[in-house]
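When you line the sequence shown up against my numbering, it's residues 56 to 216, in that order.
Reading through the structure tokens given below for one structure.
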Amino acid sequence: MSNNQVLIILNGEDQTVLSEKSNKIILAKKKQENITHDHTLLQTNFDSLEDLIKANTIIKSQFSKIDELVIVYRNIDLNMISYQYDYNHIKQNYQELMNIIYFINLLVPLLKDEFSFILSFEKDNHYKVHFNNFKMSLIKYLESLKVDLVKSINIDIKILN
């Protein structure tokens, strides 16, 4: 039996998180050229709640339950000096974090009794303070969600660096 996998690709790629025998829905800003597995691509602007609500509707129509939610956020290439002071980049980073948390909350009714979050992130880097904040905030949120849902869903959180 194949499992249902939702992938959120914020940046970069990680082929190791793709299950060979799974039904995949991928949310990404642009087409993922390197993914050869069969999948449904939902081109999504993560700044837009409307895009995420539409994606949720499509996911509900294709999957009755979800086995895994994978978030890929790797290979961030930054100009280290301007990054710390680029207001638009900082704003986008935290807007995406807020919207991803909202989107996960929309998906809660679809989570299977045995569910996995797989987070494919870069290692911490002291130059990438806003990325580190994104990563730690999302992990803390997922840990809180795990505690909140402990009686109904067994959640496993895997962090890949």
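Just so it is clear, CB atoms sit at the ideal spot from N, CA and C, and this is done for glycine as well.
It should be emphasised that the depicted structure is a prediction, and the values quoted were computed from it without experimental measurement.
- In the structure shown, Asn154 falls within a helical segment according to DSSP collapsed to helix, strand and coil.
- Cβ contact annotation for Asn66 (same chain, cutoff 8 angstroms, sequence separation greater than five): Val127, Tyr128, Arg129, Asn130, Ile131, in chain order.
- With respect to the 8 angstroms criterion, Ile80 and Leu97 are classified as neighbours on the basis of their beta carbons.
- When secondary structure is reduced to three states using DSSP, Thr71 falls in the helix class.
- Closest in C-alpha terms to Thr112, from the list Leu193, Asn216, Ile159, comes Ile159.
- A distance of 8 angstroms or more separates the beta carbons of Leu124 and Ile155.
- DSSP, read as helix, strand or coil, puts Lys84 in coil.
- Setting aside the 5 residues that flank it on each side, Ile214 is surrounded in the same chain by Leu174, each with a C-beta closer than 6 angstroms to its C-beta; the list follows chain order.
- Looking at the DSSP output, Ser175 sits in a beta bridge with Val127, Leu215.
- Annotation for Thr112: no beta strand (DSSP E) segment contains it, though the alpha helix (DSSP H) segment containing it runs 104-117.
- Sorting His94, Asp168, Ala83 by C-alpha distance to the C-alpha of Ser74 places His94 at the top.
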